[in-house]
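These notes are about the structure you will find just below.
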Amino acid sequence: MKHRYLPMTETDKQAMLETIGVTSVDELFSDIPEQVRFKGEYNIKKAKSESALLKELSQLAAKNADLRSNTSFLGAGVYDHYIPVIVDHVISRSEFYTAYTPYQPEISQGELQAIFEFQTMICELTGMDVANSSMYDGSTALAEAAMLSAAHTRRKKVLISSAVHPQSKEVLNTYAIGQHLDVIEIPYKNGVTDIQALNELMDQDVAAVIVQYPNFFGGIEPLKEIEEVAHKGKSLFVVSSNPLALGVLTPPGQLGADIVIGDAQPFGIPTAFGGPHCGYFAVTNKLMRKIPGRLVGQTVDEEGRRGFVLTLQAREQHIRRDKATSNICSNQALNAIAASVSMAALGKNGAKEMAIANIQKANYAKKAFIENGLDVVFESAVFNEFVVKLNKPVKEINQKLLTSNIIGGYDLGRDYPELQNHMLIAVTELRTKEEIDTFVTELGDYHA
Amino acid sequence: MHKEDQPLIFEGSTPGRIGYSLPEFDVPEVDLQELIPAGYIREQEPELPELSELDIMRHYTALSNRNHGLDTGFYPLGSCTMKYNPKINESVARMNGFAHVHPLQDESSVQGALELLYDLQEHLVEITGMDAVTVQPAAGAQGEWTGLMMIRAFHEANGDLARTKVIVPDSAHGTNPASAVVAGFEAITVKSNENGLVDLEDLRRVVGEDTAALMLTNPNTLGLFEENILEMAEIIHGVGGKLYYDGANLNAVMSKARPGDMGFDVVHLNLHKTFTGPHGGGGPGSGPVGVKADLIPYLPKPVVAKVGDEFVLDYDRPQSIGRVKPYYGNFGINVRAYTYIRSMGPDGLKAVTEYAVLNANYMMRRLAPFFDLPFDRHCKHEFVLSGKRQKKLGVRTLDIAKRLLDFGYHPPTIYFPLNVEECIMIEPTETESKETLDGFIDTMIQIAKEAEENPEIVQEAPHTTVISRMDETLAARHPILRYKKEQENEPQNV
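Written as structure tokens, this is what we have:
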């Protein structure tokens, strides 16, 4: 058959068969036992031409309500942010996206340097000493942080705030089964981690105290007070953090965090129905040799020129096999470059300006809801999300909002039984005053 | 490639330059001190670089010029399936309805995305011969762990609590034993025999009542089909264990043999290998997992399902192992893989495997006179050579790999699998032309001759790359893992 991805001609094929010394391609499969041999062709859809397939898939894509043609107030861990156009142009360079993991440094300096720069930017934002070259996402990074803590402290209990992303808690619970970790939730109080409850739960079996900053409700956790409790109990202090918020918030590294993890999606990575995004993992120097995944380090070549290599590989599965610190192999390298380009485009001023715009616009919306008679339930300071109590099911209201091309907030009742009819609303820098005002009015109408 | 050193992006930073255009700030401004608690406003800004848009574009263009991708040249990296990454995949993944959809939108507003995932699952079920597939795992290694967690849940549900061991061949990928440990098992190694296949005697010796599973790559990492697969399945099933298929090498057997028909209970696939999701310089990937009927209850949740004409996310899965990844996996990579499968169709996928295997056998036969061929039989999509002969001349496999760089090739995988001395593992894939294969073969033959006549040129390679061999020991002993403004070359405290 002829196909644009398959260059061999019939003439090529005959010449090659002759070199091999066989008369047909089938002979090359003679080592597959007859009983397991698959005969014929797969019962799957027939191939489509390039243009026909593009048309079909455009129509399929059009069945989704996308964030470019609707106005979104949905966040809950994935955000509709400004993506500098340059980001896609950089990651569309196929020297980056068609490359393998940079195991051959001589021909991979571009990738290695770009990742070294990513590691640096993550360290700058989080206030940590060392960051790796990326993880799958913020949730699996959180689970890896719990496992690192357990291995480091030789303890098995993990305290996680109930105000951490529910899906991160679910992922942690799955990892905990294999690792025999005992995961205990710290309740929240008025939208942030309940310090008193944390104090009561703390004991000498606790490997890690894990909180999110800003937390799932958008609230800014009192990291200083949590850190004191965590370290008094000699556990590690793990903070899951939205890196954009760190453009303006005090970095967890300055507040005593041992591990900072999260997702760099807010920097230049599209929502993409949940992935691929870009987990990051940062630690103090003390934990450098226990960090999971790939690390890029600076060194010199034989002539003393600066260059970059994958380093400290004795931690990794391809060297240590069952003794590795993690099983992670593929990571999110291309998205780490996307995040780097976005962070570079924003720069130190833009990151701050964008973070502040989120705080200002979210607080403007919060105030507008209160003035419109809606119940904003928590009093804690927020980054770009807050919680509104409605008197109808969130799902019902969201379906009505969709008819006005508005994607409403997240239904907290899905994860918190006590928060039925509570909507988590995200307001990013992309939302205009007009969009916010319309949303407040419409939500008020449906709510009434 | 550009020879000149490309400064770090931080070194090109100039205070006052910007590369962004933020939306208008159109709400009344409130003093930040009123909105953020005292002590939580950052005092020192993060040292992110300050550059104009053009500066940034030139920086990354310069970096890309110092990087070899598949579009740059041949990439015969064994076990990695470095095939062409079709451009239509990239266009489809960037469509607004796929790239800019939020995972937590109401299901009614994402029917197109769910339909794509559902149809991808259906296609993968047929391709693997399994009964159900989840597309949630992020990559191959996460797929392995997911599959093992399901096997664990299956045994536990049967009250079978003493199955603590997972068997892996000595030729297995490093992720196999590592994933077994993360899933809470002990990894046990089974030896390969002189033919490069799992030693059945050794397998019989290591299996028992404590066997949870055997993880197998078929064809294995030597590129050889495990002919005794049915007997192995019998041995494992005979003691109550499960058979796990590492799908890294699926490119070798599409339309020729399906894991489900070989007796495998669980399969993971690497969509970024066989199904052309690009490797992205290390990721993102996607690692769907397929299972037989008895393991369906344990699939991670939610499961993408179809009820009537509607596509739904099924969370009501009481026996599920739970969630392994937020949302529904690396959707963007799944879109690319689906686009690829639909571009190829059934006859296309069959041709893919036939050409992948033809190409590998052709290269193997043409190279065999010049290098040691440890396993002289038909290979599948990849094969291994040994650099033993060259080693006697003082030229190591590493040197051969580095010499290939001078000719514009990415080297094959080297020193893996571990059971072959001075291993060189070559996987051409089906998307390369005969001229490309011949060019590489001729270069390898030339290097073999150089090893005899002028070994220094090989030992001192590469000669043409932007940098020469790196001091990796220095990098590990004195780690510099980030840029610092003042004390640039000062190693970090260890």
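Top line first, the protein sequences correspond to chains A and B.
So in the numbering used here, spot 144 of the first sequence is number 144, and the numbers just go up one at a time.
So in the numbering used here, spot 415 of the second sequence is number 1415, and the numbers just go up one at a time.
Where is the CB? At the ideal position from N, CA and C, for every residue including glycine.
Between which residues of its own chain and Gln449(A) is the CB-CB distance below 8 Å, once the five residues before and five after are set aside? Only positions 1 to 448 of chain A appear in this structure, which leaves residue 449(A) out of reach.
Between which residues of its own chain and Pro955(B) is the CB-CB distance below 7 Å, once the five residues before and five after are set aside? Chain B is shown only over 1001 to 1494; residue 955(B) falls outside these bounds and no answer can be derived.
Taking the CB atoms as reference points, tell me whether Ala1213(B) and Lys1242(B) lie closer together than 8 Å. Yes, these two residues count as a Cβ contact at 8 Å.
As a quick exercise: from Val1303(B), Tyr1075(B), Gly1308(B), pick the residue whose alpha carbon is nearest that of Gln1319(B). With respect to the C-alpha of Gln1319(B), the residue from Val1303(B), Tyr1075(B), Gly1308(B) having the closest C-alpha is Val1303(B).
Got a sec, what are the start and stop residues for the alpha helix (DSSP H) Ile1056(B) sits in? Looking at the DSSP string, the run of the alpha helix (DSSP H) that includes Ile1056(B) is 1053-1064.
Whole-angstrom distance between Phe308(A) and Asp1202(B), CA atom to CA atom: Looking at the two C-alpha atoms, the distance is approximately 43 Å.
Give every residue of the same chain whose Cβ lies closer than 6 Å to the Cβ of Glu1186(B), excluding the five residues on either side of it in the sequence, and list them in chain order. Result list for Glu1186(B): Thr1164, Lys1165, in chain order.
Sub-8 Å separation of Glu1421(B) and Ser1386(B) beta-carbons: Yes; because the gap between Cβ atoms is below 8 Å, this pair is in contact.
Who are the near neighbours of Ile370(A) in its chain, counting only those whose CB is closer than 8 Å to its CB and skipping five residues on each side? Around Ile370(A): Val376.
Checking contacts by CB at 8 Å: is Leu1295(B) closer than that to chain A? Leu1295(B) does not count as touching chain A.
In the DSSP assignment, what residue or residues form a beta bridge with Arg306(A)? Note: Arg306(A) sits in a beta bridge opposite Val300(A).
Cα separation between Asn372(A) and Asp445(A)? Their Cα atoms are separated by approximately 10 Å.
So with CB distances below 9 Å, who are the chain B contacts of Phe217(A)? Ordered by position in chain B, no residue passes the 9 Å Cβ test against Phe217(A), which lies about 15 Å from the chain.
Close beta carbons around Asp1406(B), own chain, < 8 Å, minus the five adjacent residues each side: Here the set comprises Ala1461, Pro1462, His1463, Thr1464, Thr1465.
When you compare the CB positions of Leu1367(B) and Leu28(A), do they come within less than 8 Å of one another, or not? Cβ distance not < 8 Å, so Leu1367(B) and Leu28(A) don't count as in contact.
Would you say Phe281(A) lies against chain B (beta-carbon separation less than 8 Å)? Output row for Phe281(A): interface = no.
Going along the chain, which residues of its own chain have a beta-carbon closer than 7 Å to the beta-carbon of Lys1256(B), five neighbours each way excluded? Counting only residues of its own chain and dropping the five nearest sequence neighbours on each side, Lys1256(B) has a CB closer than 7 Å to the CB of Thr1353.
Asn1489(B) versus Met121(A): straight-line alpha-carbon distance, rounded: Low local confidence applies: a pLDDT of 49 at Asn1489(B) is under 50, so the model's placement there is unreliable, with the coordinate-based value given in what follows. Going by the C-alpha atoms only, they are around 18 Å apart.
Leu402(A) to Ala76(A), Cα distance in whole Å? So the two alpha carbons sit approximately 18 Å from each other.
Can you tell me whether Met1(A) is buried or exposed? The criterion is at least 16 other CB atoms within 10 Å of its CB, across all chains shown. Taking all protein chains in view, the Cβ of Met1(A) is surrounded by fewer than 16 other Cβ atoms within 10 Å, so the residue is classified as exposed.
Decide if the stretch 1477-1485 of chain B is in contact with the stretch 121-131 of chain A; the criterion is three or more beta carbon pairs, one per stretch, under 8 Å apart. When C-beta atoms of the stretch 1477-1485 of chain B are compared with those of the stretch 121-131 of chain A, three or more pairs fall below 8 Å, so the two segments count as touching.
Taking Cβ positions only, does Pro33(A) come closer than 8 Å to chain B? Yes - at least one Cβ of chain B is within 8 Å of the one on Pro33(A).
How far does the beta strand (DSSP E) with Thr1211(B) in it extend, from its first residue to its last? Its beta strand (DSSP E) spans residues 1211-1217.
Would you call Lys234(A) buried or exposed, if buried means 16 or more other Cβ atoms sit within 10 Å of its Cβ? Taking all protein chains in view, the Cβ of Lys234(A) is surrounded by fewer than 16 other Cβ atoms within 10 Å, so the residue is classified as exposed.
Report the residues of the stretch 144-159 of chain A with a CB closer than 7 Å to any CB of chain B, ordered along the chain. Taking 7 Å as the Cβ-Cβ cut-off, the stretch 144-159 of chain A has no residue approaching chain B.
How would you call Tyr1338(B), buried or exposed, if buried means at least 16 neighbouring beta carbons within 10 angstroms? It is buried - the Cβ of Tyr1338(B) has at least 16 other Cβ atoms within 10 Å.
Are the C-beta of His1381(B) and some C-beta of chain A separated by less than 8 Å? Interface flag for His1381(B) against chain A is unset, since no Cβ pair is found closer than 8 Å.
What is the residue span of the alpha helix (DSSP H) that Pro269(A) lies within? One point to set straight first is that residue 269(A) is Ile, not Pro, in the sequence displayed. Taken as a continuous stretch (DSSP letters only), Ile269(A) belongs to no alpha helix (DSSP H), as it is neither H nor E.
Beta-carbon gap between Ile1167(B) and Val1135(B) smaller than 8 Å: Pairing Ile1167(B) with Val1135(B) gives a Cβ-Cβ distance that is not under 8 Å.
Which of helix, strand or coil DSSP assigns to Gly1016(B): Coil, per DSSP.
Could you tell me the distance, in whole angstroms, from the CA atom of Ile397(A) to the CA atom of Leu443(A)? In a straight line, the C-alpha of Ile397(A) is about 8 Å away from that of Leu443(A).
Where do the N-terminal and C-terminal ends of the alpha helix (DSSP H) with Glu485(A) fall, by residue? With chain A represented from 1 up to 448, any question about residue 485(A) goes unanswered, as that position is not in the structure.
Let me check understanding here. Comparing Cα to Cα, which of Ala339(A), Gln254(A), Leu244(A), Val229(A) lies closest to Gly268(A)? Closest by alpha carbon: Ala339(A).
Kindly list the residues whose CB is nearer than 8 Å to the CB of Leu1008(B), restricted to its own chain and excluding five residues on each side of it in sequence; keep chain order. The answer, listed in chain order, is Tyr1483.
To which residues of the same chain is Leu74(A) closer than 8 Å at the C-beta, ignoring the five residues directly before and after it? Within the same chain, Leu74(A) has close Cβ partners Asp80, Ile407, Gly408, Gly409, Tyr410, Ala426.
Could you check if Asp437(A) belongs to the surroundings of the ligand PLP, using beta carbon to heavy atom distance under 7 Å? The ligand PLP is not among the ligands present in this structure, which contains no ligands whatsoever.
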